[in-house]
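Sequence lines, in order, name chains A and B. Under our numbering, the letters of the first sequence match residues 23 to 285, in that order. Under our numbering, the letters of the second sequence match residues 23 to 285, in that order.
2 protein chains.
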Amino acid sequence: MTFHSATAVEQLAPGHFRATINEGWDIAGNANGGYLLAIVARAVTEATGKPDPLTITGHYLAPGQPGPVTIDVDVHRSGGRHSMATAVLATPERKLLVAAATTTDLSTADGPERVDSVPPPIPEPDDCIPINPTSGFPPPFMGRVELRIHPDDAGFAQGKKSGEPRMRGWFRLRDDEPIDTHALVTATDAFPPTIFNADLPVAWTPTIELTAHVRARPTTGWLRCAFATRFITGGYLEADGEIWNAEGHLIAQSRQLALVPRA
Amino acid sequence: MTFHSATAVEQLAPGHFRATINEGWDIAGNANGGYLLAIVARAVTEATGKPDPLTITGHYLAPGQPGPVTIDVDVHRSGGRHSMATAVLATPERKLLVAAATTTDLSTADGPERVDSVPPPIPEPDDCIPINPTSGFPPPFMGRVELRIHPDDAGFAQGKKSGEPRMRGWFRLRDDEPIDTHALVTATDAFPPTIFNADLPVAWTPTIELTAHVRARPTTGWLRCAFATRFITGGYLEADGEIWNAEGHLIAQSRQLALVPRA
């Protein structure tokens, strides 16, 4: 099943959509947060009539399991260059995810250029470590996306944490499915957590909130990704992400706030 | 008028609040975005019964002028450690700001500590450049907050841009009013824009979206703040902010996405 069909939404009435959390997009039985946010983004771009989620924030209320969901979208502004909406993704029993997003058409993006950064150094994809899915860990979700992890960041899988809370590597969809700006939202939450490489007795950090800025449309091929955490304090951590295309341009930034459970 | 009274909200019915955009919190006639977001945060923390806006995102739809506003809050989750709500701040004529926030009680925050950063180097407040309000520029808003700008970043006011799109300095409220976590939200948008120091013919970059993470409650005294922009591309820029307290602890992070108008 392609990403495109796994995130399909159907509009039943203005602002009211239905979709399906599909099998195989989960981690330990719970749907990946970036996958859920992409479903919401699909509903929001359709409801606002703008193709690209320029900035989208999701707050995660409950884990999602495979099955039918609804997305209710409130459009707060439409027309002009930017539209804005909030959306709630829910099962018949409960709300899973609440989002706020501004949408636009990035095909006409234009302006002065000034960049104070360079793409993160990562060995070529064939020199990185692939992650293949299992029914446990690595999770089934890794069969839907294709990751190659920087060798310096990949030892956690063998119990060898790097000691640095970061995760770098390459992302693409399986079968080299074209990556649209909705898949880019998923990419911001597709890598193993940075905490897996921190020398702390913390195994799991559920996302409270994730914000993704889509700065340009992806081009083809592998996307260069880097995630890092600088502040693990007071029971929370942030993870900052950057995604660059093959031509060396930044195409997305992300930050999530996650809960660090008490030991 | 204190920050506390300038951001006061009154609940008329469950989830329905009224407030006032007060005189003097404006920049060129339009209310500061961080001030508006703090008003929304006040309504959200009151509606959710949790004192601290842990993470709040605002999308700016229209500029705000002094006068009465309403804030309608939808609480999507309450109870437990975190509550979550969306909110719309509006005048009788139009929506100005739409927000999504997760609230909590940071007084009980606890967890393992690992910090890969240091407070940004800034000369002592008395060795920095104060910004005092005028009816034009500097704007009236600078009479409500008190800023001291790093000398290396303050030349823009005399037409001498540093060439680096960043802005560092100190923040407090006037008359040393205690800073709560709502004022911290305002602090993330209180400094002159980073673009003022970039060698680009761009004067004004309206905020599309601002996300603030409040990581701890402020303590007394000056707050050490640093804002920087790394990517001015495709008609947009991000500005990343950090706020540290006098004891050398990070207490807030922010990122905003702003529009870079076509020349």
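Note that CB positions come from ideal geometry on N, CA and C, so glycine has one too.
Helix, strand or coil at histidine 98/B according to DSSP, with G and I counted as helix: When secondary structure is reduced to three states using DSSP, histidine 98/B falls in the strand class.
Would a C-beta distance cut-off of 8 Å place cysteine 247/B and alanine 209/B closer than the cut-off? Using a Cβ distance threshold of 8 Å, cysteine 247/B and alanine 209/B count as a contacting pair.
Mind listing the chain A neighbours of arginine 284/B? Cutoff is C-beta to C-beta under 8 Å, in chain order. Simply Asp132, Gly133.
Pick helix, strand or coil for aspartate 221/B, following the three-state DSSP scheme. Correct three-state label for aspartate 221/B: coil.
Where methionine 106/B falls: helix, strand or coil (DSSP): In the structure shown, methionine 106/B sits in a strand (DSSP, three-state: E or B).
Between the region 88-113 of chain B and chain A, which residues of the former have CB atoms less than 8 Å from a CB of the latter, in chain order? Within the region 88-113 of chain B, the qualifying residues are His98, Arg99, His104, Met106, Thr108, Val110.
Would the region 83-94 of chain A count as touching the region 128-140 of chain A if we require 3 or more Cβ pairs under 8 Å? At 8 Å Cβ cutoff, the stretches do not touch.
Rounded separation between alanine 121/B and serine 27/A - CA only: Computed Cα separation, rounded: 30 Å.
DSSP state of valine 236/B mapped onto helix, strand, coil: DSSP places valine 236/B in strand when its eight states are reduced to three.
Does phenylalanine 249/B have its Cβ less than 8 Å from a Cβ in chain A? At a cut-off of 8 Å, the C-beta of phenylalanine 249/B has no neighbouring C-beta in chain A.
Beta carbon of phenylalanine 213/B nearer than 8 Å to that of methionine 189/B: Yes. Within cutoff.
Who are the neighbours of threonine 79/A on chain B, taking C-beta pairs under 7 Å? Those are Thr79, Ala122, Thr233, listed as they occur along chain B.
Which residues mark the beginning and the end of the alpha helix (DSSP H) in which isoleucine 43/B is found? According to the DSSP assignment, isoleucine 43/B belongs to no alpha helix (DSSP H) but to the beta strand (DSSP E) extending over 38-43.
Pop quiz: isoleucine 273/B and leucine 206/B are said to be a contact at Cβ under 8 Å. What is the actual Cβ separation, rounded to whole angstroms? Under the criterion of beta carbons closer than 8 Å, isoleucine 273/B and leucine 206/B qualify as touching, at roughly 7 Å.
Using beta carbons (cut-off 8 Å, strictly below), is valine 137/B in contact with chain A? With 8 Å as the cut-off, valine 137/B counts as an interface residue toward chain A.
Buried/exposed call for alanine 179/B, threshold 16 Cβ in 10 Å: By the 10 Å Cβ count, alanine 179/B comes out exposed.
According to the Cβ coordinates, are valine 187/B and isoleucine 217/B closer than 8 Å? The residue you asked about is not valine; residue 187/B is proline in the sequence shown. Going by C-beta atoms, proline 187/B is nearer than 8 Å to isoleucine 217/B.
Along the beta strand (DSSP E) that carries glutamate 260/B, what are the first and last residues, could you check? Note, glutamate 260/B: beta strand (DSSP E), 258-266.
Between which two residues does the alpha helix (DSSP H) containing glutamate 68/A stretch? Here the alpha helix (DSSP H) through glutamate 68/A covers 55-70.
Kindly list the residues whose CB is nearer than 6 Å to the CB of asparagine 54/B, restricted to its own chain and excluding five residues on each side of it in sequence; keep chain order. Around asparagine 54/B: Trp47, Phe163.
Residues within the region 253-266 of chain A neighbouring chain B, beta-carbon criterion of under 7 Å: Those residues of the region 253-266 of chain A that come within reach of chain B (Cβ to Cβ, closer than 7 Å) are Phe253, Ile254, Thr255, Gly256, Gly257, Tyr258, Glu260.
Which chain B residues are close to alanine 65/A, counting only those with a beta carbon under 9 Å from its beta carbon? Those do not exist, as alanine 65/A stays about 15 Å from chain B at its closest Cβ, beyond 9 Å.
Between the region 212-236 of chain A and chain B, which residues of the former have a C-beta closer than 7 Å to a C-beta of the latter? For the region 212-236 of chain A, the set of residues with a beta-carbon nearer than 7 Å to any beta-carbon of chain B comprises Ala220, Leu222, Val224, Ile230, Glu231, Thr233, His235, in chain order.
Find the residues of chain B that neighbour leucine 169/A, judging by a C-beta separation of less than 8 Å, and give them in chain order. Ordered by position in chain B, no residue passes the 8 Å Cβ test against leucine 169/A, which lies about 23 Å from the chain.
Between which two residues does the beta strand (DSSP E) containing threonine 255/A stretch? 253-255 is the extent of the beta strand (DSSP E) around threonine 255/A.
I believe threonine 126/A touches leucine 76/A by the beta-carbon criterion, under 8 Å. Please report the beta-carbon distance rounded to the nearest angstrom. So it is a contact: roughly 5 Å between Cβ atoms.
Since serine 276/A and glycine 263/A are thought to touch, with beta carbons under 8 Å apart, how far apart are those beta carbons, to the nearest angstrom? Contact annotation, serine 276/A with glycine 263/A: C-beta distance approximately 4 Å; criterion of less than 8 Å satisfied.
Going by DSSP, what residue range makes up the alpha helix (DSSP H) through alanine 209/A? Taken as a continuous stretch (DSSP letters only), the alpha helix (DSSP H) holding alanine 209/A covers 203-209.
As a quick exercise: from Leu279/A, Trp266/A, Leu281/A, pick the residue whose alpha carbon is nearest that of valine 140/A. That would be Trp266/A, whose Cα lies nearest to the Cα of valine 140/A.
Reduced DSSP category for glycine 89/A - H, G, I as helix; E, B as strand; rest coil: When secondary structure is reduced to three states using DSSP, glycine 89/A falls in the strand class.
In three-state terms, what does DSSP make of proline 173/B? Correct three-state label for proline 173/B: helix.
Along the chain, where does the alpha helix (DSSP H) containing alanine 28/B start, and where does it finish? That run of the alpha helix (DSSP H) goes 25-28.
How would you list, in chain order, the residues of chain B whose beta-carbon sits under 8 Å from the beta-carbon of lysine 117/A? Result: His98, Arg99.
Backbone secondary structure at arginine 116/A - three-state DSSP: Assigned with DSSP and collapsed to three states, arginine 116/A falls in coil, not helix or strand.
For glycine 191/B, three-class secondary structure by DSSP: Correct three-state label for glycine 191/B: strand.
Can you pull out the residues from the region 51-63 of chain A whose beta carbon lies closer than 7 Å to at least one beta carbon of chain D? Here chain D cannot be found, since the structure's protein chains are A and B.
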